[in-house]
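Residue numbers (this note's numbering): 71 to 310.
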């Protein structure tokens, strides 16, 4: 919250913070090279790119059924709760579909911008149990829900291993995808099917340096590609 132009409302209500364990698929998306790019860009160019970020989240809210989102400057986090979709495989289905929609739409938009733009989104996806925090404090403006837990940290860290137009999936997500290939990886659709790729040693070495990343995710994460769109639109798969 930007406090300079906002007032906080004080009430006589007692503060209470409720927590509930929920299973989620979480997507972290971040524009690669944004910080360096912004050093030589005009404010209007920067705001145009940030507008693209906001537009993507608004679009995803309508068509990809996420439960929660939060803007993070030149990126954002999206969360699908299992209970909203029936199974974690279904939540992951929507998370992966949204990830590649983000890549596809940014590619089209970047091609049409009248100035050089950041390289593309890097995306990290993690699955598992988190705690949803629902605060009810005596300051209503602060009562926004939030999520905490290992999958949140894992997704944020794995996102750093994704290059432009790259998508990284944690070990739990990989296990879910391999057990539900038709739903998660869309294997029966030649155009929409996704593929998992094991990371090479350089990526594993980088993952090993991330504080708090569990061993299963250091060695068990995978890159996800959409072969049809990759071959049609861009020639990178995001692997570092």
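Ideal Cβ placement from N, Cα and C applies to all residues, glycine included. Fair warning: this is a prediction, and the values are worked out from it, not measured in the lab.
Asked                                                                                                                                                    : Found
Can you name the residues that DSSP bridges to residue 274?                                                                                              : BP columns for residue 274 are empty, so no partner.
If I'm right that residue 169 touches residue 97 with Cβ under 8 Å, what's the distance once you round it to whole angstroms?                            : 6 Å
Apart from the five residues on each side of it in sequence, which residues of its chain come closer than 6 Å, Cβ to Cβ, to residue 252?                 : 258
Where are the alpha helix (DSSP H) runs, 4 residues long or more, that stay fully inside the stretch 155-233, in chain order?                            : 158-182, 220-228
Only counting the same chain, and skipping five residues up and downstream in sequence, which positions put a Cβ closer than 6 Å to that of residue 180? : 187
Return yes when the Cβ of residue 130 is within less than 8 Å of the Cβ of residue 148, no when it is not.                                               : yes
Measure the C-alpha to C-alpha separation of residue 182 and residue 133 and round it to an integer number of angstroms.                                 : 23 Å
Is it the case that the Cβ atoms of residue 229 and residue 290 are separated by a distance below 8 Å?                                                   : no
Please identify the residue among 197, 118, 144 whose C-alpha is closest to the C-alpha of residue 164.                                                  : 197
Just to confirm, does residue 100 get its C-beta within under 7 Å of one of the non-hydrogen atoms of the ligand GDP?                                    : Because no ligand of any kind appears in the structure shown, any question about the ligand GDP cannot be addressed here.
From residue 141 to residue 120, what distance separates their C-alpha atoms?                                                                            : 10 Å
Provide the residue(s) that pair with residue 83 in DSSP beta bridges, ordered along the chain.                                                          : DSSP output for residue 83 lists no bridge partner at all.
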